[in-house]
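Each remark here refers to the structure printed beneath this line.
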Amino acid sequence: WSIVTASTGNHALGCAHALKQTNQRGLLYLPTDCSESRLQSLKEFAEWCELVQEGDECVATETAAKRFAQENGIPYVSPYNDMDVLAGQGMDYQVLPGCGGIRAWFCKKDV
């Protein structure tokens, strides 16, 4: 595998798409309560992704994924604590001017 990640779904779908585009394989950890519709969407990328359902909530799932990545020397891609991922999510900032009427903008400090 070229990456390991943990997600409740959206980040996993983004990683699955990137893996397909680069013809690489990844290991995607999901919580055991991941929706069936999300699982079906991810299974469309089975050639590039192996799905592991572990942990009954996000923190347990992420802990398992990080541990596996560290033990096997595989890069872990965080859905929220990675500067490259955050830069990609910065698209919100580009969209903001066209939204109009926004009264508050919330973001994480000290990333």
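Numbering (the working numbering), first residue to last: 49 to 159.
Glycine included, every Cβ here is placed at the ideal spot set by N, Cα and C.
These numbers were taken from a predicted model, which means no experiment stands behind them.
Residue i, buried or exposed, once every other Cβ within 10 Å from all chains shown has been counted against 16
i, result
"Y77", "buried"
"G149", "exposed"
"A54", "buried"
"N129", "exposed"
"C97", "buried"
"A94", "exposed"
"G146", "exposed"
"L67", "buried"
"G121", "exposed"
"V107", "exposed"
Beta-carbon gap between residue i and residue j smaller than 7 Å
i, j, result
"T111", "P79", "no"
"H31", "P127", "Residue 31 is absent from the structure shown; the chain starts at 49 and stops at 159."
"S50", "Q72", "yes"
"G74", "C63", "yes"
Residue range of the unbroken alpha helix (DSSP H) whose run includes residue i
i, result
"T70", "58 to 70"
Residue closest to residue i, alpha-carbon to alpha-carbon, out of the options
i, options, result
"S85", "K114, V107, A117, L61", "L61"
Start-to-end residues for the beta strand (DSSP E) that takes in residue i
i, result
"Y51", "Note that residue 51 is Ile in the sequence shown, not Tyr. From DSSP, the beta strand (DSSP E) with I51 extends over 51 to 54."
- Message: Which runs of the alpha helix (DSSP H) at least 4 residues long sit entirely within the segment 77 to 107? Give them in chain order.
- Response: 84 to 91
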